[in-house]
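Chains as they are written, first to last, in our numbering: chain A, 1 to 309; chain B, 1001 to 1292. Below is one structure, written out as structure tokens; the observations come after it.
This is how it looks when you write it as structure tokens:
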């Protein structure tokens, strides 16, 4: 059953660019990775990083800079950018885990703004204008993938890689400890683990994957702007995760697809996109806290139990 | 490095720092009061501050109500708005993790700012000063209105602090924070007190907004940009301490102003550097030592 679903998903993903505008699909894929990286922290460690956009945006600029000024191939640029992002994540984690709960959220929020100002004032980013004309270099220095549809398959493969990495983290002994920290931090500490260390490492992994998404996004659009670092994007990823269902593996992906689609539809109405996001977030928090996927899963389990009994 | 720094520049920036600090202090104080009783980090504080400024602007431009009238009316209007917000979106999730209330007030911010921008555009609207002119102090020029803002904000902060730390009403508030059941058993309606406290904190944000209207441009994003700094102020001062929030607010405003004189490039970043240092060396908050 599950294998059939995955195969169906792969078939749909492979066929989609023949029916839907590839750039829109690639945007969705980037945000699928981004939202999943955020969910790794909120859903599995219980940490609300209210500045996830700093990893996305910083990494986009770094990948763009590498591709523009050096001759490195595309995968090197993306990995290097993700690495820098992971280091930033480690530093933010080191400082922010000193406070728990709600203050962790506020510190990461302030941090993201700090990164925003740094990027705004740096010379290499192009300031308010952003960084234009980022090339799609050859894969491994050999394969030309610059055509939009070919590039979609590249992005799809990268997304699969990132999602697989998150899956491995969640279903590892390390991931079990993360979930235990979420459920009862004092208990984990009493077992001889140091929750702070695990949180910092989780931050690094999450930031690295978010950075991976940002670098990919920069090559998709071939530009990087300050919007990617702004707090609206940090908020957007929260909405995606909650709408889909935090702590579920597929929830953030569904949420990302839904919100990017909505943004695309509402793009011509200006302010309405943000208002719609706000209203949806309020409704989700008030009435649908498990998210679409979480509620569907609960419903599925209830039905199965009823059939059994 | 200190060449070319005239007294005019130094004291001018110092004044701007105190002015900014007044707003940091008033907003951080409102945030601390709301957090202290409800454990809600009111992200919408910035948007409510903006609403205060907008209501003042609307009162003047449509009904001709002058600044001094708006100073009383606008905070009440914004407080009523806060009352409705508390009942509609905060009360239903009061029993949940505080992260949800942060997110729901964030969502409310998107809606409030979006709605204002939709109706009035995103450009700043001017609001002329009710106290034009000023006095020349020799070393600098002091506009009357700015003097009024500094004095008024200090009195508001001290008054609120006295109200909460040194009156019976404040004692109820602090007791309800420690143990709502006990306070309830004394016949006090705690849910109503919570609603009114939120409305009071929101009203303070609205009052700050009216105060800010003649100084900064009235624009939909005036609150959210400020909110980022306020979060840093609250983190530095330590959550929940009212005096801590007030003092940190003024202090950081002044430090920011002085940075503009001596190292202008760093002015945007100095508060975040202080936040980093405070987190590393005083992880419990600058003013939390007095309480614990």
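C-beta: ideal position from N, C-alpha, C; glycine also. Remember, it's a predicted structure, so these values are computed and weren't measured experimentally.
Helix, strand or coil for residue i? Go by DSSP, reduced to three states.
i	result
residue 942 of chain B	Because chain B in this structure spans residues 1001 to 1292, residue 942 of chain B falls outside the shown range and cannot be described.
residue 249 of chain A	coil
residue 1189 of chain B	coil
residue 71 of chain A	coil
residue 1239 of chain B	coil
residue 1044 of chain B	coil
residue 191 of chain A	coil
residue 131 of chain A	strand
residue 139 of chain A	strand
residue 1176 of chain B	helix
residue 224 of chain A	strand
residue 1010 of chain B	helix
residue 1290 of chain B	With a pLDDT of only 42 at residue 1290 of chain B, under the threshold of 50, the placement of this residue in the model should not be trusted, and no figure is reported.
residue 90 of chain A	helix
In terms of residues, what are the limits of the beta strand (DSSP E) holding residue i?
i	result
residue 173 of chain A	It is not in any beta strand (DSSP E) - residue 173 of chain A instead sits in the alpha helix (DSSP H) that spans 173-183.
residue 1143 of chain B	1141-1143
residue 1135 of chain B	1134-1136
How would you call residue i, buried or exposed, if buried means at least 16 neighbouring beta carbons within 10 angstroms?
i	result
residue 1155 of chain B	exposed
residue 1128 of chain B	exposed
residue 1167 of chain B	exposed
residue 305 of chain A	exposed
residue 1239 of chain B	buried
residue 1263 of chain B	exposed
residue 1135 of chain B	exposed
residue 260 of chain A	buried
residue 1322 of chain B	This structure cannot speak to residue 1322 of chain B, because chain B is shown only from 1001 to 1292.
Between the options, which has its C-alpha nearest residue i's C-alpha?
i	options	result
residue 1110 of chain B	A:91, A:280, A:303	A:280
residue 1318 of chain B	B:1287, B:1268, B:1092, B:1210	Only positions 1001 to 1292 of chain B appear in the structure, and residue 1318 of chain B is not among them; the question remains open.
residue 1273 of chain B	A:112, A:5, A:84	A:112
residue 355 of chain A	A:15, A:78, A:110, A:43	A question about residue 355 of chain A goes unanswered here, because the residues of chain A that appear run from 1 up to 309.
residue 211 of chain A	A:14, A:7, A:54	A:54
residue 1054 of chain B	B:1112, B:1165, B:1281, B:1139	B:1112
residue 32 of chain A	A:252, A:222, A:300	A:252
residue 170 of chain A	A:265, A:37, A:69	A:37
residue 11 of chain A	A:245, A:250, A:153	A:153
residue 6 of chain A	A:73, A:163, A:93, A:49	A:163
residue 69 of chain A	A:131, A:99, A:205, A:228	A:131
residue 1283 of chain B	B:1141, B:1201, B:1236	B:1236
residue 237 of chain A	A:39, A:190, A:80	A:39
residue 1203 of chain B	B:1071, B:1090, B:1260, B:1134	B:1071
residue 196 of chain A	A:100, A:77, A:264	A:100
residue 29 of chain A	A:194, A:218, A:84	A:218
residue 1098 of chain B	B:1185, B:1062, B:1038, B:1067	B:1038
residue 224 of chain A	A:283, A:19, A:127	A:127
residue 1012 of chain B	B:1132, B:1278, B:1142	B:1142
residue 1153 of chain B	B:1025, B:1015, B:1014, B:1017	B:1025
residue 60 of chain A	A:84, A:72, A:47	A:84
residue 1159 of chain B	B:1048, B:1242, B:1020, B:1016	B:1242
residue 1227 of chain B	B:1016, B:1018, B:1017, B:1028	B:1028
residue 1215 of chain B	B:1018, B:1091, B:1100	B:1018
residue 284 of chain A	B:1041, B:1103, B:1213	B:1103
residue 1147 of chain B	B:1277, B:1276, B:1275, B:1022	B:1022
residue 1105 of chain B	A:272, A:261, A:235, A:265	A:235
Any heavy atom of the ligand GDP closer than 7 Å to the CB of residue i?
i	result
residue 1023 of chain B	What this structure holds is no ligand at all, so the ligand GDP is not there to describe.
Just curious, the alpha helix (DSSP H) that residue i is in, first and last residue?
i	result
residue 1268 of chain B	Where residue 1268 of chain B is concerned, there is no enclosing alpha helix (DSSP H), given that its DSSP letter is neither H nor E.
residue 287 of chain A	272-287
residue 98 of chain A	Unbroken run through residue 98 of chain A: none, as it is neither H nor E.
residue 1117 of chain B	1098-1120
residue 218 of chain A	195-221
residue 1075 of chain B	1067-1085
residue 268 of chain A	Looking at the DSSP string, residue 268 of chain A is not in any alpha helix (DSSP H), and its letter there is neither H nor E.
residue 296 of chain A	291-308
residue 167 of chain A	148-170
residue 1064 of chain B	Here residue 1064 of chain B belongs to no alpha helix (DSSP H), and DSSP marks it neither H nor E.
residue 240 of chain A	231-244
Contact list for the region 278-292 of chain A against chain D, Cβ threshold 7 Å: Here chain D cannot be found, since the structure's protein chains are A and B.
Sequence ranges, alpha helix (DSSP H) only - wholly within the region 11-52 of chain A, length at least 4: 22-42
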